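Below you'll find the structure, written out as structure tokens, and then a few comments.
2 protein chains.
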Amino acid sequence: MSQPVHKHDVFQAIADPTRREVLKLLSEKDLPISEITSHFPMSRTAIAKHLRILSEAELVSGQKKGREKIYRLHPEPLIELRRFYEQFWSNKLSILKYMVENEEEK
Amino acid sequence: MSQPVHKHDVFQAIADPTRREVLKLLSEKDLPISEITSHFPMSRTAIAKHLRILSEAELVSGQKKGREKIYRLHPEPLIELRRFYEQFWSNKLSILKYMVENEEEK
DNA sequence: TTGACATGAAACCAAATGGTTTTATATACT
DNA sequence: AGTATATAAAACCATTTGGTTTCATGTCAA
Chain L
1 MSQPVHKHDV FQAIADPTRR EVLKLLSEKD LPISEITSHF PMSRTAIAKH LRILSEAELV
61 SGQKKGREKI YRLHPEPLIE LRRFYEQFWS NKLSILKYMV ENEEEK
Chain R
107 MSQPVHKHDV FQAIADPTRR EVLKLLSEKD LPISEITSHF PMSRTAIAKH LRILSEAELV
167 SGQKKGREKI YRLHPEPLIE LRRFYEQFWS NKLSILKYMV ENEEEK
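From first to last, the protein sequence lines stand for chains L and R. Going letter by letter, the first sequence gives residues 1 to 106 in the numbering used here. Going letter by letter, the second sequence gives residues 107 to 212 in the numbering used here.
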């Protein structure tokens with residue numbers, strides 16, 4: 001019975017370069033769809049779809065303001081990205097260690 | 107003229123849950139395809155395809171050893187994940203702060 | 001050398017992805 | 001009231017994705 005709360009997860013959401021760019025944009029400032037679209041070589045409709053996917057992953061939310069819909073970044077789910085990353089690189093020391101160990105094999 | 111050196115990048119590579127699991131497996135131990143396959147409810151061919159994608163992203167490499175092909179993890183490209191992550195969460199303090207603030211909601 | 005095992009490669013398929021165009025609806029402006 | 005603006009929603013489409021099955025090739029072992 002467990003509901004499929006989110007169709008898209010964070011990993012899928014950031015798989016697309018356009019969506020990563022959108023997140024970057026929104027990290028500076030809340031923006032309406034049309035403004036976001038102006039930064040990309042594609043239709044507003046395409047951007048709206050990307051925003052929906054980001055929204056399903058709870059990385060952004062949109063609030064209607066007059067006739068505009070203002071989107072805002074919510075970076076919290078990206079923490080899952082960090083948890084994943086740290087399965088492999090738990091700290092900077094381990095990275096250094098790895099690099100040293102493999103120095104000669106190159 | 108710039109060649110598309112890699113068909114798949116890290117972000118695409120880790121978008122699939124099976125591939126993330128494969129990376130996790132390989133983080134413990136180098137493994138041949140058949141052994142990897144035994145951990146998943148799908149065919150060896152399917153796993154081989156996932157390995158190719160991971161390989162294109164340079165997250166794994168495979169070396170023939172007798173009739174087996176042993177795969178090994180190369181976590182280096184995951185550093186890009188970290189760079190992306192830190193665009194939004196620049197330091198551990200902000201993460202800690204967030205986690206503490208949301209402790210009770212679990 | 002024959003058979004079992006491990007992988008590779010190709011053809012095929014349904015569903016998802018990432019885009020388009022068209023049409024509709026709600027809001028703001030004059 | 002009528003027009004322009006901002007978004008939404010739907011139909012459509014080509015390509016990619018994630019799987020399958022089938023067949024071929026190389027290697028080990030008896």
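Ideal Cβ positions, reconstructed from N, Cα and C, are used throughout, including at glycine. The structure displayed is predicted, hence computed values, not measured ones.
Which one or two residues does DSSP pair with residue i in a beta bridge?
i	result
VAL60 of chain L	L:LEU73
LYS171 of chain R	R:GLU174
LEU160 of chain R	In the DSSP output, where bridge partners are listed per residue, LEU160 of chain R has none listed.
Which residues mark the beginning and the end of the alpha helix (DSSP H) in which residue i is found?
i	result
SER38 of chain L	It is not in any alpha helix (DSSP H) - SER38 of chain L carries neither H nor E in the DSSP assignment.
LYS24 of chain L	17 to 28
LEU81 of chain L	79 to 88
Quick check on residue i: buried or exposed, where buried means 16 or more other Cβ atoms within 10 Å of its Cβ?
i	result
THR45 of chain L	exposed
ARG173 of chain R	exposed
VAL100 of chain L	exposed
PRO181 of chain R	buried
GLN169 of chain R	exposed
ARG19 of chain L	buried
GLN118 of chain R	buried
HIS156 of chain R	buried
GLN87 of chain L	exposed
Could you round the C-beta distance between residue i and residue j to whole angstroms and report it? I think they count as a contact, below 8 Å.
i	j	result
GLU78 of chain L	SER27 of chain L	In the sequence under discussion, the amino acid at residue 78 of chain L is Leu, which differs from the Glu named in the question. At roughly 10 Å, the Cβ-Cβ gap does not stay under 8 Å, so LEU78 of chain L and SER27 of chain L are not in contact.
LEU165 of chain R	LEU131 of chain R	That belief does not hold up - the Cβ atoms of LEU165 of chain R and LEU131 of chain R are roughly 12 Å apart, past 8 Å.
ARG82 of chain L	TRP195 of chain R	7 Å
ILE53 of chain L	THR37 of chain L	About 15 Å separates the two Cβ atoms, so there is no contact after all.
ASP136 of chain R	TYR177 of chain R	7 Å
For the ligand COA, is there any heavy atom lying closer than 7 Å to the beta carbon of residue i?
i	result
VAL100 of chain L	What this structure holds is no ligand at all, so the ligand COA is not there to describe.
Mind pulling the chain R residues with CB within less than 7 Å of residue i?
i	result
ALA46 of chain L	The premise fails here: ALA46 of chain L is roughly 19 Å from chain R at the closest Cβ pair, so nothing lies under 7 Å.
ARG52 of chain L	Within 7 Å Cβ-Cβ: nothing; ARG52 of chain L doesn't reach chain R, min ~17 Å.
ALA15 of chain L	PHE117, GLN118, ALA121
Kindly list, in the order they appear in chain L, the residues whose Cβ is closer than 9 Å to that of residue i.
i	result
LYS170 of chain R	Those within 9 Å of LYS170 of chain R in chain L number zero; the least Cβ separation is about 17 Å.
Chain L partners of residue i, CB-CB under 7 Å?
i	result
LEU184 of chain R	TYR85, PHE88, TRP89
Below 9 Å on C-beta distance, what does residue i contact in chain R?
i	result
PHE40 of chain L	Here the premise fails: no neighbours, minimum Cβ distance about 17 Å.
Output, in chain order, the set of chain L residues within a Cβ distance shorter than 8 Å of residue i.
i	result
SER133 of chain R	GLN87, PHE88
LYS130 of chain R	GLN87
Note down, in chain order, every chain R residue with its Cβ under 8 Å from the Cβ of residue i.
i	result
ARG20 of chain L	PHE117, PHE190
LEU81 of chain L	LEU187, PHE190, TYR191
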